[in-house]
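Inspection log for the structure reproduced underneath, given as structure tokens.
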Amino acid sequence: HDRLVVTLVSPEGEEKQLPYLVLNEIALTVKDPAKPSVLDIGIDDLEREKVRCSGIIVCTGTGSTAWYDSIKRIHADAAEDVLRASGVEYTPEHVSTAVSTLAQSLHFPQDSGNMGYAIREPITNKILSCKKRIGLAKNVSIKSLVWNGMAYIDGVCEFDFNYGTQAVIRVGPQDTRLSTVWFDNLV
Numbered sequence: 142h143d144r145l146v147v148t149l150v151s152p153e154g155e156e157k158q159l160p161y162l163v164l165n166e167i168a169l170t171v172k173d174p175a176k177p178s179v180l181d182i183g184i185d186d187l188e189r190e191k192v193r194c195s196g197i198i199v200c201t202g203t204g205s206t207a208w209y210d211s212i213k214r215i216h217a218d219a220a221e222d223v224l225r226a227s228g229v230e231y232t233p234e235h236v237s238t239a240v241s242t243l244a245q246s247l248h249f250p251q252d253s254g255n256m257g258y259a260i261r262e263p264i265t266n267k268i269l270s271c272k273k274r275i276g277l278a279k280n281v282s283i284k285s286l287v288w289n290g291m292a293y294i295d296g297v298c299e300f301d302f303n304y305g306t307q308a309v310i311r312v313g314p315q316d317t318r319l320s321t322v323w324f325d326n327l328v
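Here it is, written out as structure tokens:
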């Protein structure tokens, strides 16, 4: 199982690798859920983008079936609304099959060397945008543009992630992986 290594870079350029590896996901957001996060996000070679949202999740393949799955999943009622607005005929069975198939296709292997990312509830209007909300990446860099930011690892530990601090997230090297041992002949 891949795990993620997170390095925080202070506004002064001081680097600090967090003492915990990410098995499932890291959430970067604000302490107060009623306030928006403002993040400067860099994904692989895409142009960096300032986004106002409720945070971002970056996950491993292990985490791609949990919180990340919930964020990216298209629910049947939303799919029906789109089909109805498009004038497309459908049955509830077609919608259910399509939604399930899409959800399964967005999971990725635990040792793929990829990270999944999902920008949560981006605010988009005439001024604000979010070009790519969900995807896979090899390199993720996120700079906090808020004073009350937090980084939450696997729902177990938290770190301050305040204005100007940058989180550089990457898949850890081979020696940080978790292995699974299967015992086939135990009764």
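At position 98 of the sequence shown the residue is numbered 239 (this note's numbering), and the sequence of numbers has no breaks. Quick reminder that beta carbons are idealized off the backbone N, C-alpha and C, glycines included.
Burial state of S151 is exposed, judged by a 10 Å Cβ sphere holding fewer than 16 other Cβ atoms.
Per DSSP, the continuous alpha helix (DSSP H) segment holding E221 begins and ends at A217 to S227.
Segment contact: the stretch 234-244 against the stretch 154-174, fewer than three CB-CB distances shorter than 8 Å; contact not assigned. If you draw a 10 Å sphere on the C-beta of I268, you find fewer than 16 other C-beta atoms in it, and that means exposed. Going by DSSP, I310 is part of the beta strand (DSSP E) stretching over Q307 to V312. A buried status is given to C200, since no fewer than 16 other beta-carbon atoms sit within 10 Å of its beta-carbon.
G154 sits in coil when the DSSP states are folded into three classes, being neither helix nor strand.
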